[in-house]
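Chemist: Could you have a look at this structure, given as structure tokens, before my questions?
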């Protein structure tokens with residue numbers, strides 16, 4: 749990342765996003781969100 753600007757290489761950003769997206773915590777969170785979305789409201 750350049751100090752002169754806040755730009756970042758798109759390829760590097762994609763690589764970072766993929767590493768976050770496929771982290772075990774994110775995978776569990778995605779599964780949890782899917783279950784919560786399919787639940788009916790209690791009230």
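Residue numbers (my numbering): 749 to 791.
Just so it is clear, CB atoms sit at the ideal spot from N, CA and C, and this is done for glycine as well.
Tell me whether residue 778 sits in a helix, a strand or coil according to DSSP, three-state version.
Modeler: On the chain shown, residue 778 is found 30 positions in, with the first residue counted as 1. Three-state result, residue 778: helix.
Chemist: Can you give the Cα-Cα distance for residue 772 and residue 784, rounded to whole angstroms?
Modeler: Within the chain shown, residue 772 is the residue found at index 24, counting from 1. Within the chain shown, residue 784 is the residue found at index 36, counting from 1. Roughly 18 Å between the two C-alpha positions.
Chemist: Compare the beta carbon distance of residue 759 and residue 768 with 8 Å and say whether it is the shorter of the two.
Modeler: Within the chain shown, numbered from 1, the residue matching residue 759 stands at position 11. Within the chain shown, numbered from 1, the residue matching residue 768 stands at position 20. For residue 759 and residue 768, no; Cβs fall outside 8 Å.
Chemist: Would you tell me roughly how many angstroms separate the C-alpha atoms of residue 781 and residue 787, rounded to the nearest one?
Modeler: If you number the chain shown from 1, residue 781 lands on position 33. If you number the chain shown from 1, residue 787 lands on position 39. Whole-angstrom Cα-Cα distance: 10 Å.
Chemist: Just reading off the alpha helix (DSSP H) that residue 788 is part of, what are its end residues?
Modeler: For this step, residue 788 is matched to residue 40 along the chain shown. Taken as a continuous stretch (DSSP letters only), residue 788 belongs to no alpha helix (DSSP H), as it is neither H nor E.
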